[in-house]
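Engineer: Can you keep this structure in mind? I'll have questions shortly.
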Amino acid sequence: MATRHRAIQIPSGDRTIAGTLVAPDTVVPGVLLVHGWDGSQEQYLARAHAIAALGCVCLTIDLRGHARDKAHRDTVTREDNLNDLLAAYDLLTGHPAVDAQSVALVGSSYGGYLATILSALRPVRWVALRAPALYQDEDWLVSKQHLDRQQIARYRAQKLEPDSNRALAASAVFEGDVLLVESELDSIVPHAVIENYRAAFLRTRSMTYRVIEGADHALAKPEWSEAYTTLLVHWMAEMLGHAKAKAASVASAQLQQSSPSDPMPGISTV
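Laid out in structure tokens, this is it:
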């Protein structure tokens, strides 16, 4: 399926953030792709095109404090970036080609953490998380750049209950489908964080957990990045296939219910 993309500006607070809308030519589900800390939408553009080719409208964004907005890197908070995601989500679901009840969130690291929180604030059907991070709730309004990294590392090594963290609490009430991808040799988001997320996702419709062998947090080698892209695109294709099958089944049932059980003489039903 052919895709197209165009650059857009998304109002968020007193500024705008840059985004790229990637879309096919039909009415389809929407996918919001969120980069990690110190990343940018460039990291997700190729993946957005691959997912759009499956039949989706995809939106990549540059969070405040990133890319062309790096001048504000030292002052941006998680509250600021969550507001960026809310603005991006609302723009995506406002697109005339998007089914607002069929939205996927795709996020890595910091972006995965924020995407999980967003899933509790807006309707979301699918969530794909790669090495989702965790942060303490107490310093939510502290500039992300000024958080104590050693304290964060100690926090991420702990076993946490879902009700002790905003992202884990959002995971505990999510009822859609989840893809959770871990890097085997991740020193930034250790295995303990992944286990906390896995334990928190209690009510999901399905959970797919995969490990990229030998990979670090940044997926520094091309083969690790390609492995993640393959996992993500194949999972999205499977989820979309299930959604189409379910929609077809519902439509068939509705058609049968609307068909007359005792047709008029001389009229046949098929």
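Take the sequence shown: its letters are residues 0 to 269, numbered as in numbering that gives the first Met the number 0.
Even for Gly, the Cβ is constructed at its ideal location relative to N, Cα and C.
Based on the DSSP secondary-structure assignment, which residues constitute the bridge partners of TRP125?
Structural biologist: ALA103 and ASP176
Engineer: Looking at ARG72 and GLN144, is the spacing between their C-beta atoms short of 8 Å?
Structural biologist: yes
Engineer: Do TYR109 and ALA132 count as a contact pair if the criterion is CB distance below 8 Å?
Structural biologist: yes
Engineer: Along the beta strand (DSSP E) that carries ILE7, what are the first and last residues, could you check?
Structural biologist: 3-11
Engineer: Mind reading off the beta-carbon distance from ALA130 to VAL188? Whole number of angstroms is fine, and I expect it under 8 Å.
Structural biologist: 4 Å
Engineer: Give me, in chain order, the residues of the same chain whose beta-carbon lies closer than 6 Å to that of VAL26; leave out the 5 immediate sequence neighbours on both sides.
Structural biologist: Excluding residues up to 5 positions away in sequence, ALA96 lie with their Cβ nearer than 6 Å to the Cβ of VAL26 in the same chain.
Engineer: Tell me, to the nearest whole angstrom, how far the beta carbon of TRP60 is from that of GLN40; I am working on the premise that it is less than 8 Å.
Structural biologist: Just to set this straight, residue 60 is Ile in the shown sequence, not Trp. Rounded, the Cβ-Cβ distance is 6 Å, consistent with contact.
Engineer: Does the segment 197-211 come close enough to the segment 153-171 to have 3 or more Cβ pairs within less than 8 Å?
Structural biologist: Counting C-beta pairs closer than 8 Å gives three or more between the segment 197-211 and the segment 153-171, which meets the contact rule.
Engineer: Name the DSSP beta bridge partners of ASP98, please?
Structural biologist: Per DSSP, the beta-bridge partners of ASP98 are PRO28.
Engineer: Straight-line CA distance for ASP83 to GLU212?
Structural biologist: 33 Å
Engineer: According to DSSP, which residues form a beta bridge with ALA17?
Structural biologist: GLN8
Engineer: Can you tell me whether DSSP reads ARG209 as helix, strand or coil?
Structural biologist: The answer is strand: DSSP assigns ARG209 an E or B state.
Engineer: Using 8 Å as the threshold, is the C-beta distance between LEU231 and VAL105 below it?
Structural biologist: Yes, the Cβ-Cβ distance between LEU231 and VAL105 is below 8 Å.
Engineer: Assign VAL141 to one of three DSSP states: helix, strand, or coil.
Structural biologist: When secondary structure is reduced to three states using DSSP, VAL141 falls in the coil class, being assigned neither helix nor strand.
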